[in-house]
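Its first residue numbered 942, the sequence shown is counted upward by one per residue in this note's numbering. We put the CB at the ideal spot given by N, CA and C, even for glycine. Model, not experiment: these values are computed from the prediction.
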Amino acid sequence: MTDCCQPAYAGLFNSRRARKDAKSYRKKGLDGQSAQIVSFLSTQPLDGTTILEVGGGIGAIQLELLKAGADRAVSIELSTEYEPAARELLAEASLEERVDRRVGDFVGMNGDLPIADAVVLNKVICCYPDMPALLGAACDHARARVVITVPRERWLLRAVMGLANQWFRLRRSAFRAFVHPKQGMIEEATQRGFQLADEQSGRIWNVILFERVKEPPANN
Ligand SMILES: C[S@@+](CC[C@H](N)C(=O)[O-])C[C@H]1O[C@@H](n2cnc3c(N)ncnc32)[C@H](O)[C@@H]1O
């Protein structure tokens, strides 16, 4: 993705949204898909594990995984706008020392990032044009598990996203939403040594758990 698109993400995923997300998390805890991700990752012991979350917004999933026993988390978020709200939440939970928050496009950062036991992408792949690059990089950074939340392949959702994209075009925003085919994502993960291990489908979102079945390359 080119640098021109970063302001488009910061414009949509802005400080107002960050404050709203933080308020909702403080009041109600995790939303349904985020809770499902924590539930999938909690089926194996979390103690001492490391988490990498891409596009994690305010970082609520990281907080819950750390409280449940994970050791450390790295957050890579393309929008700059979540940082103040996320840091406030970390301070409230006294977890600042255990989360490394970085701003940027995960796909471009590839080589600089540590491998984690689990990589999380919650409602992120649908915000990114190049699914193979994003999911491929996520798999290459995961020792054991990758969890993603993606929109279901329904005609109504495609139509809604099409309308939303028209609106972004009219607003001259470079942001676009995507319904990437599920089969393509399974094939990408399979090529990187993963298999589909579990799945939870709601009306709009699919939460999908991939588990590593083939060893990562030797330099990992
Ligand atoms: C729909 S929001 C979801 C935020 C959060 N996961 C949640 O569920 O509340 C998608 C997020 O992914 C981020 N994002 C998209 N592509 C990214 C990339 N390549 N690297 C890092 N962050 C990315 C966007 O900046 C945005 O904050």
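Beta-carbon separation (whole angstroms), residue i vs residue j, contact threshold 8 Å
i     : j     : result
L1062 : G1000 : Not confirmed; about 14 Å, so no contact.
Y950  : S1020 : 5 Å
G973  : G1125 : Wrong, their Cβ atoms sit about 25 Å apart, outside the cutoff.
Own chain residues within Cβ distance below 7 Å of residue i, not counting five before or after
i     : result
S983  : A1009
K1155 : G1134
E1152 : A1085, R1086, F1135, Q1136, A1138
L987  : L1006, A1009, G1010, A1011
I1145 : P1092, R1093, L1098
Other residues of its chain near residue i: CB distance less than 8 Å, five sequence neighbours each side excluded
i     : result
R960  : A1026
I978  : I1002, V1061, N1063, V1088, T1090, V1148
G952  : S1114, F1116
L971  : V979, A1001, I1002, E1005
R1028 : E1037, R1042
N1106 : R1117, A1118
Residues bridged to residue i [DSSP beta-bridge criterion]
i     : result
S956  : Bridge partners of S956: none, in fact.
F981  : Note: F981 sits in no beta bridge, so no partner.
Q1136 : E1152
R1043 : I1017
N1147 : V1091, S1142
I992  : A1014, A1059
A949  : DSSP output for A949 lists no bridge partner at all.
R1086 : A1059, E1152
Contact set for residue i: own chain, Cβ-Cβ below 6 Å, skip 5 residues either direction
i     : result
C1080 : V1087, A1130, R1133, F1135
L1150 : F981, V1088, A1138, D1139
I1017 : V995, R1043, F1047
G989  : D1012
V1065 : V995, G996
I1127 : L1137
E1037 : L1031
Y1069 : L1075
A1034 : L1004
Q1141 : Q977, V1148
Beta carbon of residue i nearer than 8 Å to that of residue j
i     : j     : result
V1015 : L1075 : no
R1099 : F1109 : no
L993  : H1121 : no
E1022 : S956  : yes
G998  : D1041 : no
D1058 : T991  : yes
Short CB-CB distance (under 8 Å) between residue i and chain B
i     : result
R1153 : In the structure shown, chain B cannot be found, because there is only a single protein chain.
Any non-hydrogen atom of ligand 3 within 7 Å of residue i CB
i    : result
A959 : Here the bound small molecules are ligand 1; ligand 3 is not part of this structure.
Using the beta-carbon of each residue, find all residues closer than 6 Å to any heavy atom of ligand 1 and list them in chain order. Those residues that have a beta carbon less than 6 Å away from any non-hydrogen atom of ligand 1 are, in order along the chain, Y950, F954, D962, V995, G996, G997, G998, I1017, E1018, L1019, S1020, D1046, F1047, V1048, N1063, K1064, V1065, C1068, Y1069, L1075.
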